[in-house]
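Enquirer: Got a structure for you, written out below as structure tokens; questions coming shortly.
Protein chains: 2
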Amino acid sequence: MDYVVAVDVGGTTFKGGFVARDGTILHFERRATPRGADQVIAAVSAFVADLARPRAGRRPLAVGLAVPGLVTPTHAVYSAAFGWRDVPVSSFADVDVPVALGHDVRSAGEAELAYGAGGDDVLFLPIGTGIAGAVVLSGSLYGGAGGFAGQIGHIPVRPDGLACGCGQRGCLAAYASGGAIAARYGSGTAADVARLAAEGDERAAEVWSSAVDTLALALATYTLLLDPARIIIGGGVSLAGDALLVPLRERLAGRLAFRRAPEVVASSLGVRAGLLGAGLLGWRSVS
Amino acid sequence: MDYVVAVDVGGTTFKGGFVARDGTILHFERRATPRGADQVIAAVSAFVADLARPRAGRRPLAVGLAVPGLVTPTHAVYSAAFGWRDVPVSSFADVDVPVALGHDVRSAGEAELAYGAGGDDVLFLPIGTGIAGAVVLSGSLYGGAGGFAGQIGHIPVRPDGLACGCGQRGCLAAYASGGAIAARYGSGTAADVARLAAEGDERAAEVWSSAVDTLALALATYTLLLDPARIIIGGGVSLAGDALLVPLRERLAGRLAFRRAPEVVASSLGVRAGLLGAGLLGWRSVS
Chain A
34 MDYVVAVDVG GTTFKGGFVA RDGTILHFER RATPRGADQV IAAVSAFVAD
84 LARPRAGRRP LAVGLAVPGL VTPTHAVYSA AFGWRDVPVS SFADVDVPVA
134 LGHDVRSAGE AELAYGAGGD DVLFLPIGTG IAGAVVLSGS LYGGAGGFAG
184 QIGHIPVRPD GLACGCGQRG CLAAYASGGA IAARYGSGTA ADVARLAAEG
234 DERAAEVWSS AVDTLALALA TYTLLLDPAR IIIGGGVSLA GDALLVPLRE
284 RLAGRLAFRR APEVVASSLG VRAGLLGAGL LGWRSVS
Chain B
34 MDYVVAVDVG GTTFKGGFVA RDGTILHFER RATPRGADQV IAAVSAFVAD
84 LARPRAGRRP LAVGLAVPGL VTPTHAVYSA AFGWRDVPVS SFADVDVPVA
134 LGHDVRSAGE AELAYGAGGD DVLFLPIGTG IAGAVVLSGS LYGGAGGFAG
184 QIGHIPVRPD GLACGCGQRG CLAAYASGGA IAARYGSGTA ADVARLAAEG
234 DERAAEVWSS AVDTLALALA TYTLLLDPAR IIIGGGVSLA GDALLVPLRE
284 RLAGRLAFRR APEVVASSLG VRAGLLGAGL LGWRSVS
């Protein structure tokens, strides 16, 4: 079966694999993300080289590469998380098949539209180490005047609140990202904090509740501005399932006095959305 | 010259007049808004009847009527400000020319696109007695899944802040609408408060500064979500000019750490945007 190599350059792990044209994942593996921009670039390059090697006489048709931050088709322009600037696509992938570079969250949003719950007026919100959103309006991803739309992770939800790594104050991501949840609790991952909260750990419950409250505020704002039919939460934090969704729906409704809340669901693709999005990038480069 | 009757049913005054096809205002008058839903409906009906009367042998081609709240082409479904529900267009205008009903802010946004500063990715934000926004994306007004997009006046900017008339807490409108500015100061209009603040009245300066701060937060959120090229402030409060725009631009930029602020300008149409929007409604019904 024809396939493309897909690599989703993520926060704590890279996800890589082979994706068929219909979205079937033929191979899936993770590698730990190293520290340092140069180290990350080298690790991506090695990962791509490994995956692009011929196997059983077959070679991939293309490579799709999804990275965070500000991205053009030729360069990873800037990422706060990785600290790189203006990295050409050839530094990530030195292979002799077409390589398509794209934005991780936007690609994951495209995958959600193509293979997941989808919809015409939708916010796709993967919550992983950081938070960004794919704003789907009338069935298409909306980029804004300069391509920078969807920065919901950095809207000032709590104006006098916590300092955020981005330099602003009170950002959604400073409360509700996987990274912030883990850091505020002091150990483990966001999933650990959700589990400990359910088991009665008071500090974990506080951190989790603060994350859910802040997320509900951000979603109330999004709802009032853009009237979505559905909000699809993805990424690692969405794996908390009902521990996230049940209180989130309740608090979102509680913040809306004169209109109904949109449907809030977990992505059916889970953490695979990023890989499938990278796969779509690859397939588009050959079709 | 052919003309339509335009009536913009506003907060403290109605604006009515005659509008030519090219947007020339041939006649303009205001009437004080009475209190009570039935009184408002009767006053609109009388205003329309007066304006629709033949003058010098000429009759209007149509009537365009812009009202706040939730509106369909046949009914004013709901307005919190006026307290009406399901008012048929015939109750507002019993005349023998076509009558076109529309939403005040959306119509004013259309007028801004047609006759004013315009642009492809723009927020048009009239600040009068209340606040709503016309969300212009890729050159078109965006309504959302159910037509309720643009409720920026009621996003929860200060989560633990002032109670708002809408039943929520911390809404932009509770700080920055003309009605809220006047009520918080305790006398006069928003324009009076701006003037008193400039003259050194400490309480006026506090109220004004709080309005500008809260508006800057809401615009930072809008900018991060939707990356507009331009924000156009209209309505009565925009007449404060630099007393509004200069601190607003500065505080908006101060809330954005990793991206530039969009251009923030006052509507070139001023309070005429609503009348011109109503005029557009009328012209569209005959063309």
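Here the protein sequences come in this chain order: A and B.
Read left to right, the first sequence gives residues 34 to 320 (the numbering used here).
Read left to right, the second sequence gives residues 34 to 320 (the numbering used here).
Using N, Cα and C, we set each Cβ at its ideal position, and we do this for glycine too.
Values in this document were obtained by computation on a predicted structure and should not be read as measured data.
Can you name, in chain order, every residue of its own chain whose Cβ lies under 6 Å from the Cβ of A:ALA207, other than the five neighbours on each side?
Expert: For the purposes of this step, residue 207 of chain A is taken as the residue at position 174 of the first sequence. Hits under 6 Å: LEU195, CYS197, ALA213.
Enquirer: Which residues does DSSP list as the beta-bridge partners of B:LEU229?
Expert: In the second sequence, residue 229 of chain B corresponds to position 196, counting from 1. DSSP lists no partner for B:LEU229.
Enquirer: With a threshold of 7 Å between beta-carbons, can B:GLN72 be considered close to chain A, or not?
Expert: Taking the second sequence and counting its residues from 1, the one referred to as residue 72 of chain B is at position 39. No, B:GLN72 does not count as interfacial toward chain A.
Enquirer: With DSSP run on the structure shown, which of helix, strand or coil describes B:LEU258?
Expert: The residue given as residue 258 of chain B occupies position 225 in the second sequence. Shown here, B:LEU258 sits in a helix according to DSSP, grouped into three states.
Enquirer: Determine which residues share a DSSP beta bridge with B:SER173 and list them.
Expert: One-based indexing of the second sequence puts residue 173 of chain B at position 140. Paired residues: B:LEU170.
Enquirer: One question on the structure: do A:PRO189 and B:ARG228 come within less than 7 Å of each other, judged by their Cβ atoms?
Expert: Counted from its first residue, the first sequence places residue 189 of chain A at position 156. Counted from its first residue, the second sequence places residue 228 of chain B at position 195. The Cβ atoms of A:PRO189 and B:ARG228 do not sit closer than 7 Å to each other.
Enquirer: Check the Cβ of A:GLY183 against every Cβ in chain D and list those closer than 9 Å, keeping chain order.
Expert: Included in the structure are the protein chains A and B, with no chain D among them.
Enquirer: Determine, using beta carbons only, whether B:ALA196 comes closer than 7 Å to chain A.
Expert: Reading the second sequence from its first residue, position 163 is the one you call residue 196 of chain B. In terms of beta-carbon proximity, B:ALA196 stays away from the interface with chain A, with every pair separated by 7 Å or more.
Enquirer: Tell me the DSSP bridge mates of A:VAL298?
Expert: As a working note, residue 298 of chain A is residue 265 in the first sequence. BP columns for A:VAL298 point to A:ILE265.
Enquirer: Could you name the residues of the segment 191-219 of chain B whose beta carbon sits closer than 7 Å to any beta carbon of chain A, in the order they occur along the chain?
Expert: ARG191, PRO192, CYS199, GLY200, GLN201
Enquirer: Among B:PHE125, B:VAL240, B:GLY183, B:SER171, which residue has its Cα nearest to the Cα of B:THR107?
Expert: Counting from 1 along the second sequence, the entry for residue 107 of chain B is found at position 74. Taking only the C-alpha atoms, the option nearest B:THR107 is B:PHE125.
Enquirer: Are the beta-carbon atoms belonging to B:ASP83 and B:GLY307 less than 7 Å from one another?
Expert: In the second sequence, counting from the first residue as 1, residue 83 of chain B sits at position 50. In the second sequence, counting from the first residue as 1, residue 307 of chain B sits at position 274. At a Cβ-Cβ threshold of 7 Å, B:ASP83 and B:GLY307 do not count as neighbours.
Enquirer: Comparing alpha-carbon positions, which option in B:GLY152, B:PRO261, B:THR57 lies nearest B:ALA311?
Expert: Here residue 311 of chain B refers to the residue found at position 278 when the second sequence is read from its first residue. Nearest of B:GLY152, B:PRO261, B:THR57 to B:ALA311, Cα basis: B:THR57.
Enquirer: Measuring straight from C-alpha to C-alpha, what distance separates A:ARG217 and B:GLY186?
Expert: Position 184 of the first sequence holds residue 217 of chain A. Position 153 of the second sequence holds residue 186 of chain B. Cα to Cα, A:ARG217 sits roughly 32 Å from B:GLY186.
Enquirer: When we look at the beta-carbon of B:CYS279 and count the other beta-carbons within 10 Å, is it buried (16 or more) or exposed?
Expert: As a working note, residue 279 of chain B is residue 246 in the second sequence. It is Val, not Cys, that sits at residue 279 of chain B in the sequence shown. Burial call: exposed.
Enquirer: What residue ranges within the segment 85-123 of chain B form continuous beta strand (DSSP E) runs of no fewer than 3 residues, ordered along the chain?
Expert: Positions of the beta strand (DSSP E) runs, each at least 3 residues long and wholly inside the segment 85-123 of chain B, are given as 96-100, 108-112, 117-121 in order along the chain.
Enquirer: Please list, in chain order, the chain A residues whose beta carbon lies closer than 9 Å to that of B:VAL168.
Expert: Stepping through the second sequence from its first residue, residue 168 of chain B is reached at position 135. Residues of chain A passing the Cβ test: LEU258, LEU259.
Enquirer: In this structure, how does DSSP classify A:ILE188 when only helix, strand and coil are distinguished?
Expert: Counted from its first residue, the first sequence places residue 188 of chain A at position 155. Three-state DSSP puts A:ILE188 in coil, outside helix and strand.
Enquirer: If the cut is a Cβ gap below 7 Å, which residues of chain A does B:PRO189 touch?
Expert: For the purposes of this step, residue 189 of chain B is taken as residue 156 along the second sequence, with counting starting at 1. By Cβ distance, chain A contributes LEU250, ALA253, THR254, ARG288.
Enquirer: Is A:ALA182 helix, strand or coil when you go by DSSP?
Expert: Taking the first sequence and counting its residues from 1, the one referred to as residue 182 of chain A is at position 149. In this structure, A:ALA182 counts as coil in the three-state DSSP scheme.
Enquirer: Pick helix, strand or coil for B:VAL270, following the three-state DSSP scheme.
Expert: For this step, residue 270 of chain B is matched to residue 237 along the second sequence. Note: B:VAL270 maps to helix in three-state DSSP.
Enquirer: Give me, in chain order, the residues of the same chain whose beta-carbon lies closer than 6 Å to that of A:PHE181; leave out the 5 immediate sequence neighbours on both sides.
Expert: Translated into positions along the first sequence, residue 181 of chain A becomes position 148. Excluding positions up to five away in sequence, the list is empty.
Enquirer: Please confirm whether B:LEU281 and B:VAL319 have their CB atoms less than 7 Å apart.
Expert: Along the second sequence, one-based indexing puts residue 281 of chain B at 248. Along the second sequence, one-based indexing puts residue 319 of chain B at 286. Not a contact, by the Cβ cut-off of 7 Å.
Enquirer: So what does DSSP say about B:GLY310, is it helix, strand or coil?
Expert: As a position in the second sequence, residue 310 of chain B is number 277, starting the count at 1. In the three-state reduction of the DSSP assignment, B:GLY310 falls in the helix class, which pools H, G and I.
Enquirer: Quick check on DSSP: helix, strand or coil for A:GLY211?
Expert: Position 178 of the first sequence, counting from 1, holds the residue named residue 211 of chain A. DSSP places A:GLY211 in helix when its eight states are reduced to three.
Enquirer: Would you call the segment 122-138 of chain A and the segment 51-71 of chain A in contact, with 3 or more CB pairs under 8 Å?
Expert: no
Enquirer: Among A:VAL226, A:PHE51, A:TYR36, which has the Cα closest to the Cα of A:LEU272?
Expert: Translated into positions along the first sequence, residue 272 of chain A becomes position 239. Cα-wise, what sits closest to A:LEU272 is A:VAL226.
Enquirer: Along the chain, where does the beta strand (DSSP E) containing A:ASP41 start, and where does it finish?
Expert: As a first step, residue 41 of chain A must be located in the first sequence, where it is residue number 8. It spans 37-41 - the beta strand (DSSP E) in which A:ASP41 sits, taken as one unbroken run.
Enquirer: For B:PHE47, would you say it is in contact with chain A, using Cβ-to-Cβ distances shorter than 7 Å as the test?
Expert: For the purposes of this step, residue 47 of chain B is identified with residue 14 of the second sequence, where counting begins at 1. Judged by the 7 Å Cβ criterion, B:PHE47 is not in contact with chain A.
Enquirer: From this set, A:ALA76, A:ARG202, A:ARG86, A:PRO93, which residue's C-alpha is nearest A:PHE115's C-alpha?
Expert: Translated into the one-based positions of the first sequence, residue 115 of chain A becomes position 82. Here the closest residue by C-alpha is A:ALA76.
Enquirer: If the cut-off is 8 Å on Cβ atoms, which residues from the segment 110-137 of chain A count as contacting chain B, listed in chain order?
Expert: Cβ contacts with chain B: ALA113.
Enquirer: Straight-line CA distance for B:TYR111 to B:ALA286?
Expert: Start at 1 with the first residue of the second sequence, and residue 111 of chain B comes out as number 78. Start at 1 with the first residue of the second sequence, and residue 286 of chain B comes out as number 253. The alpha-carbon atoms of B:TYR111 and B:ALA286 are separated by roughly 36 Å.
Enquirer: From this set, A:ALA262, A:GLY183, A:ALA141, A:GLY161, which residue's C-alpha is nearest A:GLY44's C-alpha?
Expert: Here residue 44 of chain A is taken as the residue at index 11 of the first sequence, counted from 1. Checked all of A:ALA262, A:GLY183, A:ALA141, A:GLY161; the closest Cα to A:GLY44 is A:GLY161.
Enquirer: For A:GLY163, which option in A:ASP153, A:THR222, A:ARG54 has the closest C-alpha, if you only look at C-alpha atoms?
Expert: By one-based count along the first sequence, residue 163 of chain A stands at place 130. Per the Cα distances, A:THR222.
Enquirer: For A:VAL298 and A:ALA150, which I take to be in contact (beta-carbon distance under 8 Å), what is that distance rounded to the nearest angstrom?
Expert: Position 265 of the first sequence, counting from 1, holds the residue named residue 298 of chain A. Position 117 of the first sequence, counting from 1, holds the residue named residue 150 of chain A. Correct: roughly 6 Å between the Cβ atoms.
Enquirer: Candidates A:VAL270, A:ASP55, A:VAL122: which alpha carbon is nearest A:LEU158's?
Expert: Counting from one through the first sequence, the residue named residue 158 of chain A turns up at place 125. The shortest Cα separation from A:LEU158 among A:VAL270, A:ASP55, A:VAL122 belongs to A:VAL270.
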